[in-house]
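In what follows, a single structure is set out as structure tokens and then discussed.
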Amino acid sequence: MKKYYHIITYGCQMNVHESEKIAGILCGLGYENTEEINSADIVVFNTCCIRENAENHAFGNIGMLKKLKAAKRDMIIAVGGCLTQQMGKAENLHSKFPYVDIIFGTHNLNKLGEMILQKKSRKKAVIEIEDSEGIICEEDKPFRTSYPNAWINITYGCNNFCSYCIVPYVRGRERSRKSENIIEEARSLIAGGYKEITLLGQNVNSFANGTEDISFPELLNKIASIDGKFRIRFMTSHPKDFSEELAQVIAGNSKICKAVHLPVQSGSNAVLRAMNRKYTREDYLKKIEILKKYIPDCAITTDLIVGFPGETEEDFNDTLTLVEKVGYASAFTFVYSRREGTVAAKMPEQIPEEISKRRIMKLIELVNLQTRVMSSKYVGKMVEVLCEGVDEKTQKYLGRDEYGRMVYFDSPTPVIGEFLTVRIDKANGISLFGEVTGD
Ligand code: 5AD
Ligand code: SF4
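The letter at position 310 of the sequence shown is residue 296 when you use the numbering used here, and the numbering goes up by one with no holes.
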């Protein structure tokens, strides 16, 4: 009889790729994917705790499974990811949701298979959270779900301790995989037909820092020299480690997408200092200048936080003027979320919700305006799109150009995984609509 798994993923691309690793483990145990939670034999929640709403969302959904579990006692419920790795959260989850069978953390995801077998032979829940910070697992066999793109982890963890951020506490210290393993993985994925490789790390720029291995720009060059037509993307870059050499490598290599995600968080020096970001507004703008010097058409994107403790109207204005100055292709905007255990959580001047809400609305308005203006400039142009799939709503094909813009188009033949030239006829917010041309 067939057995099915259903995975629910919260948070970032890093988690999406980790869910592929979880899926790989489950496939190895003979499970198959189902989109239908009611028919699953095992449900895995891959959680995120970076902001409170992601956490609440996961808690809410785990709570909703109580009835299903009561009706299907053999169904296994497993909860893993950043949330469980937080101090005391695993115990908290277990007492709140005693029907959860397995709780695992970020450092022992690779042991999920053993934990499932263990659970099958006993009644009690299996709860294992490891504190180990040095783990790099090279044994993963991810079940990839994002063809034609393939995610590759290059670093794990983070050493930066931005004062608002929980990541260093739940993902451990920064550690890099060996470049030879990364290059080999990229080579075999490209040989297997993947057309886009996205290198993942909390701070890819500090890849191999303090070791004898090659630097991040050198790694990019090596991957770009693999034969075949494919694209390379990477995320995320910390501005303090973003180098001129990296800008040169992107500019000099057509396989590396001209799209850089460079999270600034705030445009105010006082707030940047309190955030422990280790650069000033001026430092950041200087890096943007270098980036634009080498790659004038680079699509720069960012992350922004409003309502950080102590943020004044003037500080917020500095963020608005910085956004105006840089001209982002798009930006992720967040209201500061107080995370227990971080330095900022103890700061006395937490900002009232209504002020943060007003600020974020204003910021979103500005970012959207910039995005619309940039999108409209594409109309009439030809862009090369890598087709990624079919949009459920419009039933059109969708894909991205090298700048990361989503393009929707029709095609009479199946084109997923192909590079196509598309003439852009219409822009709507961040999305572009066009027609495939003959060449
Ligand atoms: N509150 C709001 N946003 C946060 N981020 C990280 N921690 C927090 C927090 N406590 C945002 C940052 C980061 C992105 C991944 O999430 O902008 O770059
Ligand atoms: Fe968090 Fe800062 Fe590390 Fe990014 S660089 S993961 S924001 S601590």
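Glycine residues also receive a C-beta, built at the ideal position from the N, C-alpha and C atoms.
Computed from a predicted structure; not experimentally measured.
By the CB criterion at 8 Å, Glu125 and Lys97 fall outside the cutoff. The Cβ neighbour count for Gly67, taken over all protein chains shown within 10 Å, is at least 16; the residue is labelled buried. In the DSSP assignment, Glu18 falls within the unbroken beta strand (DSSP E) covering Tyr17 to Asn19. Annotated three-state conformation of Asn146 is coil, per DSSP. In the three-state DSSP reduction, Ile36 falls in the coil class, being neither helix nor strand.
Look at Tyr155: its beta carbon is at least 7 Å from all of the heavy atoms in ligand 1. Here Tyr314 carries a coil assignment [DSSP, helix/strand/coil]. The alpha-carbon separation between Pro249 and Lys164 amounts to approximately 26 Å. Put simply, of Lys241, Ala245, Lys244 and Lys343 the residue whose alpha carbon is nearest the alpha carbon of Ile291 is Lys343.
Beyond the five residues adjoining it in sequence on each side, Ser361 comes within less than 8 Å, by CB distance, of Arg391, Ala413, Asn414, Gly415, Ile416, Ser417 and Leu418 in the same chain, given in chain order. DSSP, reduced to helix, strand and coil, places Leu79 within a helical segment of the structure shown. For Arg345, the shortest C-beta to heavy atom distance toward ligand 1 is 7 Å or greater. In the three-state DSSP reduction, Arg217 falls in the strand class (E or B). Put simply, the segment 151 to 159 does not touch the segment 38 to 46. Fewer than three CB pairs are less than 8 Å apart. Cβ-Cβ distances below 7 Å link Met101 to Ile88, Phe90, Val112 and Glu114 in the same chain, with the five nearest sequence neighbours on each side left out; the list follows chain order. Under the DSSP definition of a beta bridge, Arg386 partners with Leu372 and Met392. Taking a cut-off of 8 Å on C-beta distances, the segment 176 to 183 does not touch the segment 354 to 370, as fewer than three cross pairs fall below it. Judged by DSSP in its simplified three-state form, Gly99 adopts helix. In this structure, DSSP gives Val250 a state outside helix and strand, which the three-state scheme calls coil. Take the alpha-carbon of Asn189 and the one of Lys58: they are about 42 Å apart. Asp60 and Ile(-6) have their alpha carbons spaced roughly 19 Å apart. Cβ neighbours of Thr92 within its own chain (closer than 7 Å, five residues either side excluded): Gly67, Cys68, Gln71, Val156 and Arg157. Annotation for Ile36 indicates a beta carbon within 7 Å of some heavy atom of ligand 1. Between His(-8) and Ile11, the gap from beta carbon to beta carbon reaches 8 Å or more.
Taking 8 Å as the upper bound for CB-CB distance, Ile140 and Phe216 are not in contact here, some 16 Å apart. The alpha helix (DSSP H) runs lying completely inside the segment 159 to 239 and spanning 4 residues or more are 165 to 177, 202 to 210 and 230 to 237, given in chain order. Taking a cut-off of 8 Å for Cβ pairs, the segment 303 to 313 and the segment 245 to 264 touch, as three or more such pairs fall below it. In this chain, Thr92 is not harboured by any alpha helix (DSSP H), its DSSP state being neither H nor E. DSSP places Leu69 in the helix class (H, G or I) of the three-state scheme. Annotation: Asn354 to Ser81 spans about 43 Å, alpha carbon to alpha carbon.
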